[in-house]
């Protein structure tokens, strides 16, 4: 029997004129945890989608256990023992964990409670085998994000998958939940399973993977064993240049920033209470400050009030009580235009939903916040020639790769879309920037560019409220870190005392977190 769980040879996949996978070769051994890395658009998701049956290759061969196979769809992949855990879970919220796992099994909808109880015992035994803690009898909507992910993993194992693909598996987990996931992956490896991971988090790759394969521009660049490389070398191999490591940014607060913060807070929030869309209270008496030139990070697992905080501070959502003061001026009611006038910039969580108009060109998107100014229009008419020259200058300055100023921005890569949003917001010379998940979905090279831009803004005096679920990013950039849990500030940490374990405990709401008193 071959030592390889699967082999992909000469895999070619085109989408119209774009070649997403250009003759890729990838061989993964049995019982191996293998990470597939690469910049956005490198082709790694295409390769995994071909292996899991989502796409069909135009050319090339796939062998499972040494035998050539034809994978025409996800059902074929599952029959061959290939299962995929998607980044966005595919669960029925009203059904229990056990019901979700057996959903789709022939006759499962019509079986009685006795059959379901026997299946639940079977699933509990499977969970113990792989070190998975899953409350099988509770509805999915009552489960934490980490528990929901374990249900998804159980679905693949229950269906007999020997090759398990995980797409960005830690993007919504606390550090503690990520460690639990790593233990599960190691248990799967010990049981002879082969695990494929696609991720942007090099720290986690080094923690759990045995081998890393890198792709660039649709081609496979190299495969290296963990023992033969480092985080820095992986980053440089992926993007072709040196990247700053994702570690704490400094041993203490910047003296320059301290001088600016002494001039006063650019943002002061007192006892803010905000409701979510469904009427439930999302923020419960939040108090925080951001100084001039200070980067304040807000860490937390998704769903703990981050979305509502960002929307309230940028004029998109009303608050029920509390005070919001910008640069010494109290804001009575939310108003997007008023906040822009006061110098508040915003990098939204979903750049294509809230930050850009995908069908419009680069110039039009850059004009969204400044088209009323005398520099951009006169007597209600846009200054087309001047605006085009201005847009060209911003594109050069922020290194936005685009086929042209009139090209619809939906055609740009995720990294270039984010650079475009940053260019527009930074051009306003903001006093405060609310940045929400500014590097979500970006590769390590694009993320490094965004981090540099945020630091430059802070050094120029802009106060930055950084809301991110990426703990490495928060630790790397922040002067202070606030942990949001269940709509309240659970703990505060200052640069020089940023400990991943303590912050992770606070993110999980554990009392042993050693943040400063709030």
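Residue numbers (full-length UniProt numbering): 1 to 518.
Even for Gly, the Cβ is constructed at its ideal location relative to N, Cα and C.
These figures come from a predicted structure and were not determined experimentally.
Considering only the alpha carbon of each residue, which of 449, 438, 440 and 435 lies closest to residue 401? The residue with the shortest Cα to Cα distance from residue 401 is 449.
If you scan the stretch 148-223 from start to end, which runs of the beta strand (DSSP E) of 3 or more residues do you find wholly inside it? Listed in chain order, they are 163-167, 194-198 and 211-216.
From residue 238 to residue 426, what does the alpha carbon distance come to, in whole angstroms? The alpha-carbon of residue 238 is positioned some 28 Å away from that of residue 426.
Residue 455: first and last residue of the uninterrupted alpha helix (DSSP H) it sits in: Unbroken alpha helix (DSSP H) run through residue 455: 444-459.
- Task: Would you kindly check if the distance between the Cβ of residue 445 and the Cβ of residue 39 is under 8 Å?
- Result: Yes, these two residues count as a Cβ contact at 8 Å.
**Report entry** Own chain residues within Cβ distance below 6 Å of residue 84, not counting five before or after
**Finding:** In its chain, beyond the 5 residues on either side, 52 and 165 have a beta carbon closer than 6 Å to the beta carbon of residue 84.
Worksheet entry | C-beta contact flag for residue 452 and residue 475 at 8 Å | Going by C-beta atoms, residue 452 is not nearer than 8 Å to residue 475.
Requested in this report: Can you check the stretch 263-296 for any beta strand (DSSP E) of at least 3 residues that lies completely inside it and give the ranges in chain order?
Outcome: Complete beta strand (DSSP E) runs here, min 3: 265-275 and 281-291.
Next on the checklist: Assuming contact is defined by CB atoms lying nearer than 8 Å, are residue 163 and residue 194 in contact in what I supplied?
Outcome noted: The beta carbons of residue 163 and residue 194 sit closer together than 8 Å.
Self-check item: residue 226 versus residue 212: straight-line alpha-carbon distance, rounded
Solution: About 7 Å.
Q.
Whole angstroms are fine: how far does the CA of residue 483 sit from the CA of residue 507?
A. Roughly 6 Å separates the two Cα atoms.
For residue 503 and residue 376, the rounded distance between their alpha carbons
Straight-line measurement puts the Cα of residue 503 at about 45 Å from the Cα of residue 376.
On the criterion of 16 or more Cβ atoms from any shown chain inside 10 Å, does residue 379 qualify as buried, or is it exposed? Of the other Cβ atoms in all chains shown, fewer than 16 fall within 10 Å of the Cβ of residue 379; this residue is therefore exposed.
Alpha carbon to alpha carbon, how far is residue 199 from residue 442? Give it in angstroms, no decimals. Straight-line Cα distance between these residues: approximately 10 Å.
**OP:** Could you have a look at residue 122 and say whether DSSP puts it in helix, strand or coil?
**Re:** Per DSSP, reduced to three states, the secondary structure at residue 122 is helical.
**Study point:** residue 54 to residue 338 span [Cα, whole Å]
**Key:** When rounded, the distance between both Cα atoms is 46 Å.
Between the CA atoms of residue 281 and residue 101 - distance to the nearest angstrom: Those two C-alpha atoms are separated by around 32 Å.
Name the two residues that bound the continuous beta strand (DSSP E) containing residue 313. Annotation for residue 313: no beta strand (DSSP E) segment contains it, though the alpha helix (DSSP H) segment containing it runs 306-313.
Query raised in the report: Should residue 20 be labelled buried (16 or more other beta-carbon atoms within 10 Å of its own) or exposed?
Result: Burial state of residue 20 is buried, judged by a 10 Å Cβ sphere holding 16 or more other Cβ atoms.
| Can you tell me whether DSSP reads residue 78 as helix, strand or coil? | The answer is helix: DSSP assigns residue 78 an H, G or I state.
- Per DSSP, residue 336 forms a beta bridge with which residues? Secondary-structure assignment with DSSP links residue 336 through no beta bridge to anything.
In this structure, how does DSSP classify residue 71 when only helix, strand and coil are distinguished? Coil, per DSSP.
Other residues of its chain near residue 273: CB distance less than 7 Å, five sequence neighbours each side excluded: Counting only residues of its own chain and dropping the five nearest sequence neighbours on each side, residue 273 has a CB closer than 7 Å to the CB of 281, 283, 284, 285, 319, 320, 321 and 322.
query: How should residue 278 be labelled, buried or exposed, when 16 other C-beta atoms within 10 angstroms of its C-beta is the threshold for buried?
result: Looking at its Cβ environment, which holds fewer than 16 other Cβ atoms inside 10 Å, residue 278 is exposed.
* Would DSSP call residue 46 helix, strand or coil? -> Assigned with DSSP and collapsed to three states, residue 46 falls in helix.
Give me, in chain order, the residues of the same chain whose beta-carbon lies closer than 6 Å to that of residue 5; leave out the 5 immediate sequence neighbours on both sides. Cβ neighbours of residue 5 beyond the five flanking positions: 28, 30, 163 and 194.
### Task
Within the same chain, show all residues whose beta-carbon is closer than 6 Å to that of residue 183, passing over the 5 residues directly before and after it, in chain order.
Correct list, in chain order: 131.
Neighbourhood of residue 406 by C-beta, 6 Å cutoff - its chain only, sequence neighbours within 5 removed: Within its own chain, the residues whose Cβ lies closer than 6 Å to the Cβ of residue 406, once the five positions on either side in sequence are excluded, are 361, listed in chain order.
**Message:** Here's the rule I'm using: 16 or more other beta-carbon atoms within 10 Å means buried, otherwise exposed. How should residue 315 be labelled?
**Reply:** Classification of residue 315: buried, given that the 10 Å Cβ count is 16 or more.
**Message:** Checking 8 Å against the spacing of the C-beta atoms, do residue 485 and residue 275 come in under that value?
**Reply:** Taking 8 Å as the Cβ cut-off, residue 485 and residue 275 do not qualify as a contacting pair.
On the criterion of 16 or more Cβ atoms from any shown chain inside 10 Å, does residue 392 qualify as buried, or is it exposed?
Its Cβ having fewer than 16 others within 10 Å, residue 392 is exposed.
Do the CB positions of residue 69 and residue 43 come within less than 8 Å of each other? No. Outside cutoff.
**Asked** Do residue 269 and residue 336 come within 8 Å of each other at the CB atom, strictly closer than that value?
**Response** The answer is no: Cβ separation not under 8 Å.
Exercise for review: Quickly, what does DSSP pair residue 38 with across the bridge? List them, please.
Suggested key: DSSP, once it has assigned bridges, lists 215 as partnering residue 38.
* To do: Could you pull the start and end residues of the alpha helix (DSSP H) that residue 507 belongs to?
  => For residue 507, the uninterrupted alpha helix (DSSP H) segment begins and ends at 500-507.
Hey, quick one: how far does the alpha helix (DSSP H) through residue 415 stretch, first residue to last?
Element bounds for residue 415: 414-427.
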